[in-house]
Amino acid sequence: MAENPGAEQNEQNKQQERANRILDAASELLQRWGYRKTTIDDIARQAGVAKGTIYLHWKTKEELFMALIMREKIVEGRKAQEAMQNDPEGVTLYSMIKHSMLWALYNPLMKAIMLRDTDMLGDLIHSQLSKMDIEQQIAGFNTYLTYMRRQGLVRTDIPLKTQVHMIEAIALGYLISDQFLPDEYQISLEERAEMAAETVRRTFELRNPNEQEKQEVTSHFNRFMSSAETLLQKEMGYERPDSGQ
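All residue numbers for the sequence shown refer to full-length UniProt numbering, where the first residue is 1 and numbers rise by one.
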């Protein structure tokens, strides 16, 4: 029987579109009701598909929501990557923190992921897939930070693990600082992102990279992002998911 590459591609596109429609529905319900209260039946109704159709893509509710989280990380990660590459600062710790913070501050789901919000994510944050994702993310950032240290762009008098802990604490602090301050001390999301980035810069960065170093750091960062995206896609079970926006 002759193969029909065109028909096969069309079928793959349909499956991808359907998977993204299901994930869009899951995202909306997750932010509205939280993980514990959202059921597969709810998602099927919201997406306009049969319940059994969802199980063609994911075996469990946990796998579906982990796929959603991974898709969000890929889509938003691409946006942050593009923003960093277009930033006059180049791919520095400053620009990385600034654009990562903007990514989280403007996306409620990403903010919940970074803060490990149990109200929204429930037991999902304790899943094995979630733990693996965090470990891979930290390992990738460690590799990138090690490169920056070796180039003399950031401080090396602080142990790497301590440095990672401090950067994480700074970022998380600025994500939730508005909850503890009265109205007269509130600032815009852009200001919070810039202040977090400036705190990291003044604490860790030693100098600005020259043009050659900017290119090298950008290339190294792109490899880090590409590797992270490949790992996420592998765990999701299908390639290059796009936002349903």
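Glycine included, C-beta positions come from ideal geometry on N, C-alpha and C.
How would you call residue i, buried or exposed, if buried means at least 16 neighbouring beta carbons within 10 angstroms?
i, result
"Gln245", "Here the model assigns Gln245 a pLDDT of 38, short of 50, so the residue's position is not dependable, and the following value carries that caveat. Classification for Gln245: exposed."
"Pro241", "Low per-residue confidence applies at Pro241: pLDDT is 40, beneath 50, and the placement is therefore not dependable enough to give any value."
"Gln133", "The sequence given here places Asp at residue 133; Gln does not occur at that position. Classification for Asp133: buried."
"Gln81", "buried"
"Leu105", "buried"
"Ile54", "buried"
"Thr39", "exposed"
"Arg202", "exposed"
"Ser95", "buried"
"Ile43", "buried"
"Ser27", "buried"
"Glu17", "exposed"
"Ala197", "buried"
"Ile187", "exposed"
"Asn10", "exposed"
"Met1", "Confidence in Met1 is poor, its pLDDT being 49 and thus under 50, which makes the residue's placement unreliable; the coordinate value appears in the next sentence. Exposed."
"Val112", "The sequence given here has Ala at residue 112, not Val. It is buried - the Cβ of Ala112 has at least 16 other Cβ atoms within 10 Å."
"Glu239", "Here Glu239 scores only 42 on pLDDT, less than 50, and its place in the model should not be relied on; the value that follows carries that caveat. That one is exposed."
Measure from the alpha carbon of residue i to the alpha carbon of each residue in the options, then state which is nearest.
i, options, result
"Leu68", "Thr53, Leu105, Leu109", "Leu109"
"Glu229", "Thr143, Val154, Arg71", "Arg71"
"Gly77", "Thr203, Ile97, Asn10", "Ile97"
"Leu30", "Asn210, Val200, Leu124, Ser177", "Leu124"
"Asn107", "Glu17, Leu175, Met195, Glu11", "Leu175"
"Gln136", "Glu213, Lys73, Glu17", "Lys73"
"Glu216", "Met148, Ile187, Met166", "Met148"
"Ala139", "Arg18, Lys14, Phe224, Gly6", "Phe224"
"Lys131", "Phe204, Arg18, Met66", "Met66"
"Thr199", "Ala19, Ile167, Met114, His126", "Ile167"
"Phe204", "Ser188, Gly152, Leu189", "Gly152"
"Pro209", "Leu189, His165, Arg150", "Arg150"
"Leu115", "Ser177, Lys79, Leu64, Met84", "Ser177"
"Ser127", "Gly6, Asn4, Glu63", "Glu63"
"Leu23", "Val75, Glu211, Asn4", "Val75"
"Ala19", "Ser226, Gly48, Gly6", "Gly48"
When you measure from the CB of residue i to every non-hydrogen atom of the ligand GDP, does any distance come out below 7 Å?
i, result
"Val91", "In the structure on display, the ligand GDP does not appear, and there are no ligands present to speak of."
According to DSSP, which residues form a beta bridge with residue i?
i, result
"Val217", "Paired residues: none, contrary to the question."
"Glu205", "Val154"
Quick one: measure Cβ to Cβ for residue i and residue j, integer angstroms, because I've assumed they're closer than 8 Å.
i, j, result
"Leu206", "Arg155", "6 Å"
"residue 246", "Gln12", "The chain is shown from 1 up to 245; residue 246 falls before or after that span and cannot be answered."
>> Three or more C-beta pairs under 8 Å: does that hold for the region 110-127 against the region 33-43?
In response: yes
> Are the region 155-165 and the region 77-97 in contact at 8 Å, needing three or more beta carbon pairs?
Replying inline: The region 155-165 is not in contact with the region 77-97.
> Counting Cβ pairs closer than 8 Å, one from the region 172-182 and one from the region 50-61, do we hit at least three?
Replying inline: Not touching, per the Cβ criterion.
>> Check whether the region 168-178 and the region 93-103 touch, using three or more Cβ-Cβ pairs below 8 Å as the test.
In response: These segments touch.
> Is the region 209-225 close to the region 133-148, with three or more CB pairs under 8 Å?
Replying inline: yes
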